[in-house]
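Engineer: Starting off with a structure, shown below.
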Amino acid sequence: MASARLLLSRSCCSAAKTVTGHGQRSLSVSSAVLARTHVSYEVKDNVAVVRINDPNSKVNTLSKQMQAEMTEVMNEIWGNSAVKSAVLISRKPGCFIAGADINMIQACSTAEEVTSLSQEGQKMFDQIEKSPIPIVAAINGSCLGGGLEFAIACQYRLATKSKKTILGTPEVMLGLLPGAGGTQRLPKMVGLPTAFDMMLTGRNIRADKAKKMGLVHQLVDPLGPGLKSPEERTIEYLEEVAVDFAKGLAGKKVTMEKKKGLVQKVQDYIMGLPPVRKQIYKTVHSKVMKQSKGLYPAPLKIIECVQTGIEKGNAAGYQTESQNFGKLAMTSESRALIGLYHGQVACKKNHFGHPEREVKKLAVLGAGLMGAGVAQVTVDKGVSTILKDTTQEGLGRGQQQVYKGLNDKTKKKSLTTFERDGIMSLLSGQLDYRGFENVDMVIEAVFEDLSIKHKVLKEVEAVIPPHCVFATNTSALPIKDIAAASRRPEKVIGMHYFSPVDKMQLLEIITTDKTSKDTTASAVAVGLKQGKVIIVVGDGPGFYTTRCLAPMLAEAVRALQEGVGPKKLDSLTTGFGFPVGAATLADEVGIDVAAHVAEDLGKAFGTRFGGGNVEVLKMMVQKGFKGRKSGKGCYVYGAKSKEKTVNSGAEEILMSFKLTTPPAVSTDEDIQYRLMSRFVNEAVLCLQEGILPDPVQGDIGAVFGLGFPPCLGGPFRFVDSYGADKLVQKMKRFEEVYGNQFTPCELLIDHAKNSSKRFHK
Amino acid sequence: MASMLLTSLRSSPLTSVQTAQFAARSLSTSVHLQAQAKSKKTLAKPGMKNIVLVDGVRTPFLLSGTTYADLMPHDLARAALQGLLNRTGIPKEAVDYIVYGEVIQEVKTSNVAREAALGAGFSDKTPAHTVTMACISSNQAMTTAVGLIAAGQCDTVVAGGVEFMSDVPIRHSRKMRKTMLSLNKAKTLGARLSLLGSIRLAHLAPELPAVAEFSTAETMGHSADRLAAAFGVTRLEQDEFALRSHMLAKKAQDSGLLSDVINFKVPGKDIVSKDNGIRPSTMEQMARLKPAFIKPHGTVTAANSSFLTDGASAVLIMSEEKALAMGYKPKAYLRDFVYVSQDPKDQLLLGPTYSTPKVLERSGLTLNDIDVFEFHEAFAGQIMANLKAMDSDWFAQTYMGRKSKVGAPPMEKFNTWGGSLSLGHPFGATGCRLVTTVAHRLQKEGGQYGLVAACAAGGQGHAMVIEAYPQ
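Chains as they are written, first to last, in my numbering: chain A, 1 to 761; chain B, 762 to 1232.
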């Protein structure tokens, strides 16, 4: 489910609302200097220290206000002959500049408007680059998007060697490109391949890596406590060091140019050869096409900007950059991705208030893949956790999984071995209920069987304190059925994690009508601590996510029965934007799980969940084709994780359940829309039935939990952008052939009838 | 602070200040001195044995790689032990127990206390053990001795410490060690050959003993530089303090105050009788040095850090009763002591800040009661940072959970005979030097209470109150 990883949780551009307050400014008669709220400066020993601080937000963004004040300040500094150099620093401990102001871009209605925003940015940074005095950017905290473009226009860069200091150009994840000179300056600074890597993946770069890449000149160590708090003193220290460097630059004691090593020189020489560059553009282009299936326009535009700048010169490069930036901002893909970004921010908040008691000790029942995963993300955030299993072997495997998960982080250097050991010490593996009397929350991840869940619930309730929340991790069993065995159903809640827990960002929390608000608040608080993006949905068979996925998988099985091979099916689904093909997805989830869910939900929802024959799945399970975990499913998995070939055994089963292919609805596009429309229709139905509280959570759940194409922004945004009427028309055509599986739900029909009705404004 | 340091350096020679003080005290006419009446007349506790420092000695502390270069750690320890025997004349069989501190251990003599004791001619009936607690190892050895005597298990204990940085254990890489160990077990020629064949060039890369904190992988100098920056200690302040240390040490050496140093005849070489790391320089020369750890903008340099040192020390600790019975005139009482520990990353070297108020509280004393301060000088920046931390109410309240600051020691009482920066710092041996120096300074200057404080790797710290033995 790579898609979920595509959108990392961070603010590349902030959506902080500009609070009123500027109004007062225009009324006041005070001097311009006093009126500046975002940028201030003082001159120390001929060094102008420019400090930025957006008073209305946790992060600094390049809003109009910020830009205007910055231009004003810089002009004053340039006009002051006593100033020999300058330092640019943020007063916020965790943020240099987090990027451009998204709202500013979203407020534009035409590509031209956005292009002119880009041009203003380019112009400002051009002046910075050509500054007559050296400017040192002192970076502490996030330096992303426009913030990084600002920094690389400066003559010298210092960065604190802190985990919070990250540099990057995440615009691509919003369907945009670095539109203020980034596509032009980065290749010159870090070289073509690295620049492409940065801009096309949008990944975060830590300060030490940035130093190695040549993105920053010097690192400054973060400080511990002194006579002030560590955060405050670290910024002061950074400023002191930056002022020293600024003086050194002005006095020519510090050189801006880094000495190039032999490797660098050779690389520069090779990159100087036009045929080599051409080959790079070609390779990068084909890689992008392969990974994005051409569904994302931004990466291609980025390549175009870089290529134009290098091959045709600066003027052409900057022009292409601003024009492409404008065009991209108007694409549905960018809107979808920005929508997801906003949704993600919204789903990272606790809308249920502070729980009465913070969860300080947690217990996980069942040390399987899920249980151990939950334990890992919990101890990782400093919460002491009991991992209980019934067998020594199961427990050992689970503890090893947690250890491996953490140890892999040490290999990536995001954790030291010492930190790893400290985190592991929070995990207590055991076979009994010792210590459960002090536990604030229990998350059970035992086998998906109602009677086992009941047994466990009763055992646990006998030992836990009255305030303890009992959360059940199930993908389909209705929570109220599980809660039926509870003496305290108000404390029972569903917490549906996605596998692998440490990688998948989504957590689906399910409340019954008996679940108390405090229990929900507590579950959300724990989920947020675990770093999850959270949707809170109502109870019912399959809740939201499983319920949407089931009809799509049923349709996938039907397609397989109709003779669409697993490979073809995969390419059709990935071609639509799903990160994982439907057949591979079934193998990943587990054919047995899929069979289980299909049968359960089939019983609950009747023929609407029909399509493929459940017997196909059951037969596969019988033959041991349980998917990836058993080595065979739709595919046969080789020893190396990437090898897979179609499982002929599965094909034989499919042959024995062969269905005739109705030609009217079997073009590639039809198959894609058959899969898609059943997913979307079920999602809309969930909203209609009140399982889903709002379309935002529906979109987030589908994209982050199920890999719904991020470029479409989720099922609800898809209906908005594709058009409910068009979708309904398609479904009616399928309905004629297959029946009620394709009957559009009422809400969808409402939207089809009235085109002004939209799920998202 | 800096200016204060300089004036104390430049103005009057130390001895004259002291003379003036003694004179004032004996006349007891000075209002200033009357105001400094001690909170307590003595720290003796009813029902508790008085434990005394009879005497202490040390070998000269030498820069590693100089005259001691060909010795082994136990040789140095042996020299200190023999020196103590000579100095005190204690019959060898009267010693009940020997405890030694050492940090980087020679693998062949991991219990260096026992090897040195045997080599120094102590009775083979006297048990000996070695303790390790980074730079406060010999403090730990001494307090172990205090514990043994207080508990009534022993009456006479020799404690000491040794460090030998001229030679450190450099190991084969883990992979190579594994192969070599397997080679021992391999039975057939074929198995041996295949093991030998598995050796790669990379396996031959040696493994140096870690100079970094294990938990954080940060070297101590780097941490000291960050600590200095956190407390806003400037390069100038550090250089001034380092220069002060060297100048005071030189003065103490020249005027024969370092009487704890014994002569040591190094086999095949001349008799060594002086510390060789004392090098008073000038501020200009010191300013020229480049930072040693955080480059290029750090402030900790080779000149304002303690250097790698070879040396050993030993002290004789007894119950007062026993000492008097044996006809000794003890030098000082060893009173309350504490060990503290804190965050090994950002507060690695703040041990004195944490231990000082704690031990004073335990003794019922205030900072004003202390006449003699001997703090271990790991880095000038570390000392300055500790002084600032001790003088900060905010730090005391925010990080130490105390109501108010303990205050910074007055510089005229602080490390006036030099310190680790100038005399040298053999990790395992410094603690005994500090305690012996306090005893000697109290005797010389006529004060009553002294305070020893030190930081150590691992974010640990120690402090001990020492009371002058009535003269």
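A virtual CB, placed ideally from N, CA and C, is assigned to each residue, including glycine.
Cβ of B:K750 less than 8 Å from any chain A Cβ?
Structural biologist: Any answer about residue 750 of chain B is impossible in this case: the structure gives chain B only from 762 up to 1232.
Engineer: Report all residues from its chain with a CB closer than 7 Å to the CB of A:H22; omit the five preceding and five following residues, and keep chain order.
Structural biologist: Counting from one through the first sequence, the residue named residue 22 of chain A turns up at place 22. Annotation note: pLDDT 42 at A:H22 (below 50); position unreliable, no value reported.
Engineer: What residue range is occupied by the uninterrupted alpha helix (DSSP H) comprising B:L846?
Structural biologist: On the second sequence, residue 846 of chain B is found 85 positions in, with the first residue counted as 1. Taken as a continuous stretch (DSSP letters only), the alpha helix (DSSP H) holding B:L846 covers 834-849.
Engineer: On the CB-based measure, 16 or more other CB atoms within 10 Å of its CB, does A:D408 come out buried or exposed?
Structural biologist: Taking the first residue of the first sequence as 1, we reach residue 408 of chain A at position 408. With fewer than 16 other beta carbons inside 10 angstroms of its own, A:D408 counts as exposed.
Engineer: Which two residues bound the contiguous beta strand (DSSP E) that contains B:H1223?
Structural biologist: To locate residue 1223 of chain B, count along the second sequence from 1; it is residue 462. Looking at the DSSP string, the run of the beta strand (DSSP E) that includes B:H1223 is 1221-1229.
Engineer: How would you label A:K218, buried or exposed, when you count the other beta carbons within 10 angstroms and need 16 or more for buried?
Structural biologist: For the purposes of this step, residue 218 of chain A is taken as residue 218 along the first sequence, with counting starting at 1. Before going further, note that residue 218 of chain A is Gln rather than Lys in the sequence given. Buried: at least 16 other Cβ atoms inside 10 Å.
Engineer: Reducing DSSP to helix, strand and coil, say where A:H351 ends up.
Structural biologist: As a position in the first sequence, residue 351 of chain A is number 351, starting the count at 1. In this structure, A:H351 counts as coil in the three-state DSSP scheme.
Engineer: Does the beta-carbon of A:E112 have 16 or more other beta-carbons within 10 angstroms, so that it is buried, or is it exposed?
Structural biologist: By one-based count along the first sequence, residue 112 of chain A stands at place 112. Exposed: under 16 other Cβ atoms inside 10 Å.
Engineer: Give the list of continuous alpha helix (DSSP H) stretches no shorter than 4 residues that lie fully inside the region 164-199 of chain A.
Structural biologist: Listed in chain order, they are 182-190.
Engineer: Could you tell me whether the Cβ of A:P225 comes closer than 8 Å to any Cβ of chain E?
Structural biologist: Judged by its chain identifiers, the structure shown contains no chain E, and its protein chains are A and B.
Engineer: Within this structure, are the beta carbons of B:A920 and B:I1078 separated by less than 8 Å?
Structural biologist: Taking the second sequence and counting its residues from 1, the one referred to as residue 920 of chain B is at position 159. Taking the second sequence and counting its residues from 1, the one referred to as residue 1078 of chain B is at position 317. In contact: B:A920 and B:I1078 (Cβ atoms closer than 8 Å).
Engineer: Take the Cβ of B:V972 as the centre, count every other Cβ of all protein chains shown within 10 Å, and call the residue buried at 16 or more, exposed below.
Structural biologist: Indexing the second sequence from 1 puts residue 972 of chain B at position 211. Exposed, since its Cβ has fewer than 16 Cβ neighbours within 10 Å.
Engineer: What residues in the region 990-1008 of chain B have a beta carbon less than 7 Å from any beta carbon of chain A?
Structural biologist: A990, A991, F992, G993
Engineer: Tell me whether B:F1175 sits in a helix, a strand or coil according to DSSP, three-state version.
Structural biologist: Here the question's residue 1175 of chain B lines up with position 414 in the second sequence. DSSP places B:F1175 in strand when its eight states are reduced to three.
Engineer: For a cutoff of 8 Å on Cβ pairs, would you count A:Y156 as touching chain B?
Structural biologist: Numbered from its first residue, the first sequence carries residue 156 of chain A at position 156. With 8 Å as the cut-off, A:Y156 does not count as an interface residue toward chain B.
Engineer: How would you list, in chain order, the residues of chain A whose beta-carbon sits under 8 Å from the beta-carbon of B:T977?
Structural biologist: The residue labelled residue 977 of chain B in the question sits at position 216 within the second sequence. Result: T416, F418.
Engineer: Under 8 Å between C-beta atoms, does B:I1055 make it to chain A?
Structural biologist: If you number the second sequence from 1, residue 1055 of chain B lands on position 294. The beta-carbon of B:I1055 is placed less than 8 Å from the nearest beta-carbon of chain A.
Engineer: Leaving out five residues before and five after A:V614 in sequence, what residues of the same chain have Cβ atoms less than 6 Å from its Cβ?
Structural biologist: Translated into the one-based positions of the first sequence, residue 614 of chain A becomes position 614. Same-chain partners within the cutoff: A598, E599.
Engineer: Just the Cα atoms here: how many angstroms apart are A:L585 and A:G214?
Structural biologist: Start at 1 with the first residue of the first sequence, and residue 585 of chain A comes out as number 585. Start at 1 with the first residue of the first sequence, and residue 214 of chain A comes out as number 214. Near 41 Å, if we compare the C-alpha coordinates of A:G214 and A:L585.
Engineer: What does the alpha-carbon distance come out to for the pair A:G542 and A:L477?
Structural biologist: In the first sequence, residue 542 of chain A corresponds to position 542, counting from 1. In the first sequence, residue 477 of chain A corresponds to position 477, counting from 1. Approximately 7 Å between the Cα atoms of the pair.
Engineer: Give the straight-line distance between the Cα atoms of A:Y544 and A:V536, rounded to the nearest whole angstrom.
Structural biologist: By one-based count along the first sequence, residue 544 of chain A stands at place 544. By one-based count along the first sequence, residue 536 of chain A stands at place 536. About 9 Å.
Engineer: Among A:A639, A:M731, A:Q561, which residue has its Cα nearest to the Cα of A:E652?
Structural biologist: Indexing the first sequence from 1 puts residue 652 of chain A at position 652. Comparing Cα-Cα distances from A:E652 to each of A:A639, A:M731, A:Q561, the minimum goes to A:Q561.
Engineer: Taking Cβ-Cβ distances shorter than 7 Å, what residues in chain A pair up with B:Y1160?
Structural biologist: The residue labelled residue 1160 of chain B in the question sits at position 399 within the second sequence. Result: P225.
Engineer: Along the region 196-213 of chain A, what residues have a CB closer than 7 Å to any CB found in chain B?
Structural biologist: none
Engineer: Between B:T820 and B:A840, how many whole angstroms is the CB-CB distance? I'm expecting something under 8 Å.
Structural biologist: Counting from 1 along the second sequence, the entry for residue 820 of chain B is found at position 59. Counting from 1 along the second sequence, the entry for residue 840 of chain B is found at position 79. With a Cβ gap of about 5 Å, B:T820 and B:A840 count as contacting.
Engineer: Tell me the residue span of the alpha helix (DSSP H) that contains A:C548.
Structural biologist: The residue labelled residue 548 of chain A in the question sits at position 548 within the first sequence. 545-561 is the span of the alpha helix (DSSP H), which, as asked, contains A:C548.
Engineer: Going residue by residue through the region 1064-1093 of chain B, where are the continuous alpha helix (DSSP H) segments of at least 4 residues, counting only ones entirely within it?
Structural biologist: 1081-1086
Engineer: Using only alpha-carbon positions, find the residue among A:K209, A:G272, A:S755 that is nearest to A:K412.
Structural biologist: Your numbering for residue 412 of chain A matches position 412 in the first sequence. Comparing Cα-Cα distances from A:K412 to each of A:K209, A:G272, A:S755, the minimum goes to A:K209.
Engineer: Can you name the residues that DSSP bridges to A:K388?
Structural biologist: Against the first sequence, residue 388 of chain A aligns to sequence position 388. According to DSSP, which records beta bridges pairwise, A:K388 is partnered with A:L365, A:Q430.
Engineer: Along the region 1086-1117 of chain B, what residues have a CB closer than 8 Å to any CB found in chain A?
Structural biologist: Listed in sequence order: D1104, K1106, D1107, Q1108.
Engineer: Starting from the C-beta of A:M370, find all residues in its chain whose C-beta is less than 7 Å away, skip the five residues before and the five after it, and write them out in chain order.
Structural biologist: As a position in the first sequence, residue 370 of chain A is number 370, starting the count at 1. Only A445, N473, Y497, S499, V501 meet the Cβ criterion.
Engineer: DSSP three-state call for A:R277: helix, strand or coil?
Structural biologist: Walking along the first sequence from the start, residue 277 of chain A turns up at place 277. The answer is helix: DSSP assigns A:R277 an H, G or I state.
Engineer: Note down, one range per segment and in chain order, each alpha helix (DSSP H) of at least 4 residues found wholly within the region 101-147 of chain A.
Structural biologist: 102-106, 111-129
Engineer: Could you give the distance in angstroms between the alpha-carbon of B:K939 and the alpha-carbon of B:E867?
Structural biologist: Here the question's residue 939 of chain B lines up with position 178 in the second sequence. Here the question's residue 867 of chain B lines up with position 106 in the second sequence. If you take the alpha carbons of B:K939 and B:E867, they lie about 21 Å apart.
Engineer: Less than 8 Å separating the beta-carbons of B:F927 and B:D1071?
Structural biologist: If you number the second sequence from 1, residue 927 of chain B lands on position 166. If you number the second sequence from 1, residue 1071 of chain B lands on position 310. Looking at the sequence itself, residue 927 of chain B is Ser, so the reference to Phe does not match. In contact: B:S927 and B:D1071 (Cβ atoms closer than 8 Å).
Engineer: Applying a beta-carbon distance threshold of less than 8 Å, which residues of chain A neighbour B:S1153?
Structural biologist: To locate residue 1153 of chain B, count along the second sequence from 1; it is residue 392. Chain A residues near B:S1153: L227.
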